[in-house]
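Asks: Count the sequence shown with mature numbering (1 follows the signal peptide of the UniProt record, and there is no 0) and you get residues -23 to -1, 1 to 262, in order. Have a look at the structure that comes next, please.
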Amino acid sequence: MKYFTHAVMIMGILSALNTTASANEPQNSAIRVLIDDQGTPYIHKDDAFDPWQITPLPYYQKTVAASGGYFHHRPSSESSPGYAYNEGATFAVGEYGMVFRYQNDTWQHVFGCLGAADVSTYSPKHAYCVTQTGDLKKFNLVAEKFGGNYGIPNKRIVKIDVNETGAVWAITDDNELYQRNNGNWHQININCPQTCTLKDVAVGGGEVYVTAHIFKNTRGSQQVYKLNGDELEKFGHFYNIDVDRDNTIWTISYDSKTLHYKRPGMIDFVEEQRVNHATVVDIGG
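So, in structure tokens, the structure goes:
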């Protein structure tokens, strides 16, 4: 009996060690970027336990837009050794209209999008920036810079989001919503009266979310809505929203400006506790 008890204890210890080792292994995980009320960006790998890392842009310029990337891990096997890498799809826009890409733990300037106003990525293959004149440019993986002109004819784009298929969703300065599929732009019908102003768009998990001012509903304050057909349905009590590649929904509380998340299968939103009490104004796109 004594030897049996010792054997059980040893098996338990080995099991615990194996569980701990598995928990510490790299995992496929979204990389998120938030912006606080001072224009400072924070970066975090979603499955990490450590706090969000403050990562100022060069010369401490304020960040006006950002978009997270993805961390990939391939487990070891007899035929394929394990490896992990950051795909390099994390971008940010500084207050002077420069675009930066986060690589090797630092922000690196990316050319080709002078006077940038917004940026959105799904992967390095599907990364776009918007200029202050409303043009849309795409990131070239080979040249490692933005180029081309993929904008909407006779329209000025102000905000974008890229979904899992690489389709670009865009808001124009005349309060219209568009989707770009297979190189063609299509306007999305949306019931947005003159008292409504579209501010941002987030697409993911099969849903389209719009941040807007709708005077009759919120006295003109910025709120989040879900697009249902051509109607905007109020979604929670949030200031802004984004959906990452794991279909986790990230929101900013309207009242407290704290960050919250809801993973697939969760019933309610949970406040993110690893931000160190930052006042959040943007969660990227």
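Quick reminder that beta carbons are idealized off the backbone N, C-alpha and C, glycines included.
Can you tell me whether lysine 102 is buried or exposed? The criterion is at least 16 other CB atoms within 10 Å of its CB, across all chains shown.
Replies: With fewer than 16 other Cβ atoms within 10 Å, it is exposed.
Asks: Alpha carbon to alpha carbon, how far is lysine 234 from threonine 256? Give it in angstroms, no decimals.
Replies: Between threonine 256 and lysine 234, the C-alpha separation is close to 5 Å.
Asks: For asparagine 1, I'd like the list of residues in its chain whose CB is within less than 8 Å of its CB, leaving aside the five on either flank, ordered along the chain.
Replies: Confidence in asparagine 1 is poor, its pLDDT being 47 and thus under 50, which makes the residue's placement too unreliable to answer from.
Asks: In chain order, what residues of the same chain lie with their CB nearer than 6 Å to the CB of tyrosine 79, ignoring the 5 residues before and after it?
Replies: Correct list, in chain order: Thr67.
Asks: How many Å lie between tyrosine 186 and isoleucine 218 at the Cα?
Replies: Cα to Cα, the separation comes out at about 7 Å.
Asks: Can you check DSSP and say which residues form a bridge with glycine 181?
Replies: For glycine 181, which the question treats as bridged, DSSP gives the partners Glu184.
Asks: Quick check on the burial criterion: 16 or more other C-beta atoms within 10 angstroms. Buried or exposed for glycine 181?
Replies: Buried: at least 16 other Cβ atoms inside 10 Å.
Asks: For the beta strand (DSSP E) containing threonine 67, name the first residue and the last one.
Replies: Counting along the chain, threonine 67 falls outside any beta strand (DSSP E), and DSSP gives it neither H nor E.
Asks: Exposed or buried, what is phenylalanine 215 when buried is set at 16 or more other beta-carbons lying within 10 Å of its beta-carbon?
Replies: Buried is the call here.
Asks: In the DSSP output, what is arginine 240 paired with across the bridge?
Replies: DSSP lists no partner for arginine 240.
Asks: Who are the Cβ neighbours of phenylalanine 246 in its own chain at under 8 Å, not counting the five residues just before and after it?
Replies: Excluding positions up to five away in sequence, the list reads Gly213, Ile226, Thr228, His237, Tyr238, Lys239.
Asks: Do threonine 98 and glycine 45 count as a contact pair if the criterion is CB distance below 9 Å?
Replies: The answer is yes: Cβ separation under 9 Å.
Asks: Just checking my contact of aspartate 150 with valine 139 at CB under 8 Å: how many whole Å lie between their CB atoms?
Replies: So it is not a contact: roughly 20 Å between Cβ atoms.
Asks: Kindly indicate which residue of Asn161, Pro33, Gly183, Phe192 has the alpha-carbon position closest to the one of valine 220.
Replies: For the residues Asn161, Pro33, Gly183, Phe192, the minimum Cα distance to valine 220 belongs to Gly183.
Asks: Can leucine 113 and valine 119 be called in contact, C-beta distance under 9 Å?
Replies: Result no, Cβ atoms of leucine 113 and valine 119 do not sit closer than 9 Å.
Asks: Ignore the nearest five residues each way along the sequence and tell me which others in aspartate 223's own chain have a CB closer than 6 Å to its CB.
Replies: Cβ within range, chain order: Ala7.
Asks: Please name the residue or residues paired with isoleucine 191 in a DSSP beta bridge.
Replies: Its beta-bridge partners are Cys173.
Asks: What's the gap between the Cα of glutamate 141 and the Cα of tyrosine 36?
Replies: Glutamate 141 and tyrosine 36: Cα-Cα distance of roughly 33 Å.
Asks: Can you tell me where the beta strand (DSSP E) with aspartate 259 in it begins and where it stops?
Replies: Here the beta strand (DSSP E) through aspartate 259 covers 257 to 259.
Asks: Can the beta-carbon of lysine 122 be found less than 9 Å from the beta-carbon of valine 87?
Replies: Yes.
Asks: Note down, in chain order, each residue of its chain lying with its Cβ closer than 8 Å to the Cβ of phenylalanine 77, except the 5 sequence neighbours on either side.
Replies: Closer than 8 Å at Cβ, skipping near neighbours: Leu34, Pro35, Phe68, Ala69, Val70, Gly71, Trp84, Gln85, His86, Val87.
Asks: Excluding the 5 residues flanking isoleucine 167 on each side, which residues of the same chain have their C-beta closer than 6 Å to its C-beta?
Replies: For isoleucine 167, where only same-chain residues beyond five positions count, the Cβ hits under 6 Å are Leu154, Asp207.
Asks: Determine the burial state of aspartate 23: buried for a count of at least 16 other Cβ atoms within 10 Å of its Cβ, exposed for fewer.
Replies: So aspartate 23 counts as buried.
Asks: Is the separation between the beta-carbon of glutamate 210 and that of serine 230 shorter than 9 Å?
Replies: No.
Asks: Do leucine 11 and alanine 42 have their C-beta atoms closer together than 9 Å?
Replies: Contact: no.
Asks: Assuming cysteine 106 is part of the beta strand (DSSP E), what are its boundary residues?
Replies: 103 to 108 is the extent of the beta strand (DSSP E) around cysteine 106.
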